[in-house]
Amino acid sequence: MNSRFKLSGSGLSLSLLKIILIIQVLLIIYPIAFTVSASFIRENSLSAVGTIPFSKPFSLMQFKRLFSETNYGHWYLNTLKVACMNTVITVFVCSFTGYIFSRFWFPFKKTVMASMLVLQMFPSFIGMVATYVILWKINALNTLWGLVLVYATGSIPYNAWLMKGYFDTVSKDIAEAAYIDGATPFTAFIRVVVPTARPQIVFLALTSFTGPWMDYIFPRLVLRSDEKKTLAVGLFDLINGRSNDNFTMFAAGALLVAIPFIIFFVKGQKSLLMSLAGTGGKE
Numbered sequence: 011m012n013s014r015f016k017l018s019g020s021g022l023s024l025s026l027l028k029i030i031l032i033i034q035v036l037l038i039i040y041p042i043a044f045t046v047s048a049s050f051i052r053e054n055s056l057s058a059v060g061t062i063p064f065s066k067p068f069s070l071m072q073f074k075r076l077f078s079e080t081n082y083g084h085w086y087l088n089t090l091k092v093a094c095m096n097t098v099i100t101v102f103v104c105s106f107t108g109y110i111f112s113r114f115w116f117p118f119k120k121t122v123m124a125s126m127l128v129l130q131m132f133p134s135f136i137g138m139v140a141t142y143v144i145l146w147k148i149n150a151l152n153t154l155w156g157l158v159l160v161y162a163t164g165s166i167p168y169n170a171w172l173m174k175g176y177f178d179t180v181s182k183d184i185a186e187a188a189y190i191d192g193a194t195p196f197t198a199f200i201r202v203v204v205p206t207a208r209p210q211i212v213f214l215a216l217t218s219f220t221g222p223w224m225d226y227i228f229p230r231l232v233l234r235s236d237e238k239k240t241l242a243v244g245l246f247d248l249i250n251g252r253s254n255d256n257f258t259m260f261a262a263g264a265l266l267v268a269i270p271f272i273i274f275f276v277k278g279q280k281s282l283l284m285s286l287a288g289t290g291g292k293e
């Protein structure tokens, strides 16, 4: 009797767990399916989509409107430029900074590291007024490089600490072996240490790319003209106002936004998992 009760109890628990997982999957998939369905209908209003996704005739009208009636192509290219430039600068600067903090000693090292850590305690929007004034003084308002400057400098403290923590786990023997072979510290870093830290560098590149991709606050503060807008600002303007008749075109634009995310995460998922697991380059 006890064994039968245990078997029936475990079967009931398994069935309940399956039901909970199915509900969670539906809650996650339904909004995505609704957005995809909304982007492939002819009507402009969301009320025309219907409760059941993909119940309307298939149409590419919203994608045609997106590229013919708006500057979506410019917004997409602007966002891609900002994300790529921010990724390159952040990876380059933070990798070198983290390695220097991890391997070398210099005056006020602990003070600088502590100050970088303290800076991360304050929300970024606290310095928005100062940021605006600085960009105005250097003629960087309504420019993409000004936006990149904000993103790159703002991400240095946290990402430098992130890279330092990872380099602390990398064996010093590999760099010392390169020194014995006649390599300079720079050569040893580029040719020996960087390949070892590849999982963490890929993780840093992914986060640096995705961070500014759909950010709204700073692009709204810095950018003014329509041809300089990023995706977040441009898409929000499509549904902002009294008319609000571009929701399905907004859905089409939001669907295209996901393409770079899919490509980057598919290509870098192995390194990303290694970085999150902390298995790359440990002694």
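Residue numbers for the sequence shown follow this note's numbering, so the first one is 11 and each next one is one higher. Just so you know, even glycine gets a beta-carbon here, dropped at the ideal spot from N, CA and C. Nothing here was measured: the structure is a model prediction, and the numbers come from that model.
| query | result |
| --- | --- |
| Can you tell me which of the three DSSP states V232 falls into? | helix |
| Rounded to the nearest angstrom, what separates D255 and Y109 at their Cα positions? | 52 angstroms |
| If you draw a straight line from the C-alpha of F275 to the C-alpha of A198, how long is it? | 29 angstroms |
| Check whether the Cβ atoms of V160 and V101 lie closer than 8 angstroms to each other. | no |
| Report, in whole angstroms, the separation of the C-beta atoms of T121 and I166, which I expect to be a contact under 8 angstroms. | Wrong, their Cβ atoms sit about 16 angstroms apart, outside the cutoff. |
| Starting from the Cα of T179, find the closest Cα among S112, L36, T194, L24 and give me that residue. | S112 |
| Alpha carbon to alpha carbon, how far is V204 from M173? | 11 angstroms |
| So what's V59 in DSSP terms, helix, strand or just coil? | coil |
| Measuring alpha carbon to alpha carbon, tell me which of M259, R230, F257 ends up nearest T89. | R230 |
| Buried or exposed: which applies to G192, given that a residue is buried once 16 or more other Cβ atoms fall within 10 Å of its Cβ? | exposed |
| Which stretch, first to last residue, makes up the alpha helix (DSSP H) that contains P167? | 154-177 |
| Alpha helix (DSSP H) containing A140: first to last residue? | 138-147 |
| Do you know how far the Cα of F77 is from the Cα of G83? | 6 angstroms |
| Considering only C-alpha positions, which residue in the set E237, T61, V243, R234 is nearest to A43? | T61 |
| Using C-beta distances below 7 angstroms, list every residue in its chain close to A262, excluding the 5 sequence neighbours before and after it, in chain order. | S49, Q72, F73, L76 |
| Whole angstroms is fine: what's the gap from P222's alpha carbon to S23's? | 43 angstroms |
| By Cβ distance, which residues of its chain are closer than 7 angstroms to K91, with the 5 residues on each side in sequence left out? | L154 |
| In whole angstroms, what is the alpha-carbon distance linking G21 and L129? | 52 angstroms |
| Measuring straight from C-alpha to C-alpha, what distance separates I272 and F118? | 42 angstroms |
| Should A215 go down as buried or exposed, given a rule of 16 or more other Cβ atoms within 10 Å for buried? | buried |
| What residue range does the alpha helix (DSSP H) around G221 cover? | It is not in any alpha helix (DSSP H) - G221 carries neither H nor E in the DSSP assignment. |
| Between which two residues does the alpha helix (DSSP H) holding D247 run? | 241-249 |
| Taking DSSP's pairing of strands, which residues face V203 in a bridge? | Partner(s): none; V203 has no beta bridge. |
| Using a Cβ-Cβ cut-off of 8 angstroms (strictly less than) and excluding sequence neighbours within five positions of T97, which residues of its own chain qualify? | A215, S218, F219 |
| Sorted by chain position, which residues of the same chain lie with C-beta nearer than 7 angstroms to M138's C-beta, five sequence neighbours on each side aside? | L231 |
| Do T258 and N54 count as a contact pair if the criterion is CB distance below 8 angstroms? | yes |
| Using a 10 Å radius around the Cβ and a threshold of 16 neighbouring Cβ atoms, would you call Y86 buried or exposed? | buried |
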